[in-house]
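Protein chains in written order, with our numbering: chain A, 12 to 189; chain B, 511 to 581. Below is one structure, written out as structure tokens, with a few remarks after it.
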Amino acid sequence: MTNLRRVTRISRLMWILCTLATFAIPTMLAAMWMTFDLWAAGHPELAGIQPVQDPMPTPVLAAGFLISMLPGGIAMFAAWRLRALFSLYAEGRIFTADNSRCLKHFAMAVMAIAVVKPVATALLSVVLTLANPPGERMMMLRFGSPELTILFIGGVFLIIAWVMEEGRTMAEDQAQIV
Amino acid sequence: MAIVVTLDVMLARRKMKSKDLAAKVGITEQNLSLLKSGKEKGIRFATLDAICRYLDCQPGDLIAYHRDNQP
Numbered sequence: 012m013t014n015l016r017r018v019t020r021i022s023r024l025m026w027i028l029c030t031l032a033t034f035a036i037p038t039m040l041a042a043m044w045m046t047f048d049l050w051a052a053g054h055p056e057l058a059g060i061q062p063v064q065d066p067m068p069t070p071v072l073a074a075g076f077l078i079s080m081l082p083g084g085i086a087m088f089a090a091w092r093l094r095a096l097f098s099l100y101a102e103g104r105i106f107t108a109d110n111s112r113c114l115k116h117f118a119m120a121v122m123a124i125a126v127v128k129p130v131a132t133a134l135l136s137v138v139l140t141l142a143n144p145p146g147e148r149m150m151m152l153r154f155g156s157p158e159l160t161i162l163f164i165g166g167v168f169l170i171i172a173w174v175m176e177e178g179r180t181m182a183e184d185q186a187q188i189v
Numbered sequence: 511m512a513i514v515v516t517l518d519v520m521l522a523r524r525k526m527k528s529k530d531l532a533a534k535v536g537i538t539e540q541n542l543s544l545l546k547s548g549k550e551k552g553i554r555f556a557t558l559d560a561i562c563r564y565l566d567c568q569p570g571d572l573i574a575y576h577r578d579n580q581p
């Protein structure tokens, strides 16, 4: 099998997975917040946050869902742009302006997640502990190795997008040689 | 650019249509048209070899250098 055929075949599968991911993200977040009381205790994402309300009222759960859709919405956009990129690869289009644009958007979305996630965590901690007695309400700020890793990975993809742009220029030059 | 493509002159001499030459050489008619008008950035030796073979000519019959055309 030629390399291009392998790329087009696997890209069709990746397109399907990215499409599923785009719709799975809000669905899973909604399911998580609807079953909050089952998983919240001991979850690493909520480590250090101690809400007193049990069960958690629906307005708080709704607010929690909307806040987690801040990075979640960006993740949906990232998956959507990746889907567009794999759609191009599935058509055998490798070095076009659309390819580098999709990859750039994906990279910037990934980096944005790293920035927005700590903000979402801070807002979540406030919303979940707002009903706590005075002195037990909290605002948690967290920026650690997971966020740095996401930022680094986004940076890598951004550089690859710039390299792809160079590849596009070379491919266009090559196309003008008969 | 000082390089001028004289392929159309050779086609007229051999009384061959661009469409036929393009089919024989294995390039699109559009690419041949761009080549004739000098809008292509380059030509592969394989393509040049094929054109010379089908038109029974030399590479120098297809391209010329005109110093006056220098920008």
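Note that beta-carbon positions come from the ideal geometry of N, C-alpha and C, so glycine has one too.
Just measuring C-alpha positions, the residue of A/L81, A/I78 and A/L114 sitting nearest A/A95 is A/L114.
Listed along the chain, the chain A residues whose CB falls inside 9 Å of the CB of B/I573 amount to none; the nearest CB is some 12 Å away.
By the rule that beta-carbons nearer than 8 Å mark a contact, B/E550 touches chain A. Of all residues in the region 527-538 of chain B, only I537 come within less than 8 Å of chain A when Cβ atoms are compared, listed by chain position. Here A/G83 is buried. Its C-beta has 16 or more other C-beta atoms within 10 Å. Chain-ordered, the chain A residues with CB closer than 9 Å to the CB of B/R554 read I188 and V189.
Against chain B, the CB of A/D184 has a partner CB under 8 Å away; the residue lies at that interface. The DSSP assignment places 573-575 as complete runs of the beta strand (DSSP E) inside the region 543-575 of chain B, in order along the chain (cut-off: 3 residues). In terms of beta-carbon proximity, B/L545 lines the interface with chain A, with at least one pair separated by less than 8 Å. With contacts defined by Cβ atoms closer than 8 Å, A/M80 and A/P37 form a contacting pair. When 7 Å is used as the limit between beta carbons, B/T557 is near these residues of chain A: V189, in chain order.
In this structure, DSSP gives B/V514 an extended state, which the three-state scheme calls strand. Under DSSP, A/I171 forms no beta bridge with any residue. In terms of Cβ geometry, A/A89 and A/V138 do not form a close pair [threshold 8 Å]. When DSSP states are grouped into helix, strand and coil, A/I105 belongs to the coil group. In the structure shown, A/I124 adopts helical secondary structure according to DSSP, grouped into three states.
A straight-line Cα-Cα distance of about 7 Å links A/D48 and A/M67. The Cβ-Cβ distance between A/L135 and A/I171 does not fall below 8 Å. In terms of Cα proximity to A/M151, the closest of A/T140, A/E177 and A/P70 is A/T140.
With a cutoff of 8 Å on beta-carbon distance, B/T516 and B/V535 are scored as not near each other.
Here A/I188 carries a strand assignment [DSSP, helix/strand/coil]. Apart from sequence neighbours up to five positions away, no residue of its chain approaches A/M39 with a beta-carbon distance below 6 Å.
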